[in-house]
Amino acid sequence: MGFEVALLDIDGTLLDSTYHHTIAWARAFSGVGHPVPVWKLHRHIGMGGDRLIPAVSSEEIAERFGDELTERHTKAYDELIGETGLLPGARELLDGLRAAGLEVVLASSSQPKHAKHALELLDADDRTDAWTTSEDASESKPDPELLETALDRVSGSRALMIGDATWDVEAASQANIPTIGLLSGGFGEDELRTAGAVVVYRDPADLLASLDEALSRAGG
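Its first residue numbered 37, the sequence shown is counted upward by one per residue in my numbering.
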């Protein structure tokens with residue numbers, strides 16, 4: 037039996053925005069007087085902000101500045117979001133997945149206004165069956181709640197995940213969902229495979245070019 041549903045992350049998977057989020061977080065931490073190296077922040081992009089803040093700093097800083105850091109990140113990303121664009125093959129991959137008979141769900145933990153930007157670029161109304169935002173789950177990646185919520189929005193049950201971050205892979209693994217990894221968010225192939233990705237491709241266009249093979253290798 038083949039896959040019925042494709043769950044896709046947005047940032048770094050379909051939208052070239054990982055490094056914009058990295059810079060936004062760097063500005064946020066500098067703004068509260070606790071700068072964090074950019075490389076360290078990048079290693080945690082894709083993790084929910086509630087988890088990222090203590091992971092790159094400390095529980096003390098998270099408790100003292102958590103809300104302010106989140107607000108500062110939002111403001112900084114708002115200033116950068118106009119510079120983001122779709123990764124090569126993003127729209128075409130969504131079309132290819134639907135042509136292969138899969139329901140397509142964008143399993144994003146982005147804030148609604150940031151998700152809206154990506155959804156408009158992707159023409160998501162015409163290319164997907166459902167999507168999520170940060171408002172749809174109380175726990176963020178790598179917790180699997182968001183993926184489970186996304187899966188509940190369509191009729192199919194046998195799903196695969198497509199994501200760029202180890203946090204995507206870990207969340208999917210906890211939900212017993214195999215993952216196809218992409219390098220477009222900056223994580224390395226070995227890192228994604230170690231986290232549990234079944235197969236790894238360069239970006240959406242590279243995956244689309246080998247979609248039948250990828251689905252087969254992922255178990256579909």
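Don't be surprised by glycine CBs; every beta carbon is placed ideally from N, CA and C.
Source: prediction; values computed, not measured.
Which term fits residue i, buried or exposed, when burial requires 16 or more other beta carbons within 10 angstroms of its beta carbon?
i, result
"TRP75", "exposed"
"ALA126", "buried"
"LYS111", "exposed"
"ASP47", "buried"
"GLY82", "buried"
"SER252", "exposed"
"THR168", "buried"
"SER66", "exposed"
"VAL135", "Per the sequence shown, the amino acid found at residue 135 is Ala instead of Val. Classification for ALA135: exposed."
"THR120", "buried"
"PRO214", "buried"
"PRO180", "buried"
"GLU206", "buried"
Taking the C-alpha atoms as reference points, what is the distance between residue i and residue j?
i, j, result
"GLY132", "LEU247", "8 Å"
"ALA178", "GLU95", "Reading the sequence as shown, one finds Pro at residue 178 and not Ala. Rounded to the nearest angstrom, the two C-alpha atoms are 18 Å apart."
"ASP52", "GLY224", "16 Å"
"ALA173", "ASP86", "12 Å"
"SER146", "GLU40", "24 Å"
"GLY192", "GLU139", "7 Å"
"LEU157", "ASP226", "31 Å"
"LEU88", "GLY199", "18 Å"
"ILE216", "ASP204", "10 Å"
"GLU128", "ALA241", "8 Å"
"LEU105", "THR49", "25 Å"
"LEU155", "ASP161", "8 Å"
"VAL141", "HIS150", "17 Å"
Run through DSSP, which three-state label would residue i get?
i, result
"ASP179", "coil"
"VAL236", "strand"
"VAL41", "strand"
"ALA195", "strand"
"LEU50", "coil"
"GLY217", "strand"
"GLN210", "helix"
"PHE223", "coil"
"SER252", "helix"
"PRO90", "helix"
"ARG257", "The structure shown does not extend to residue 257, since the chain spans only 37 to 256, so no value can be given for it."
"ASP103", "helix"
"SER66", "helix"
"ASP34", "Missing from the structure shown is residue 34; the chain here goes from 37 to 256 and no further."
Please name the residue or residues paired with residue i in a DSSP beta bridge.
i, result
"TRP167", "LEU142"
"ILE81", "MET83"
For chain C, is any of its Cβ atoms less than 8 Å away from the one on residue i?
i, result
"VAL92", "No chain C appears in the structure shown, which is made up of a single protein chain."
> Could you give the uninterrupted runs of the alpha helix (DSSP H) lying entirely in the region 110-137, keeping only those of 4 residues or more?
Replying inline: 126-135
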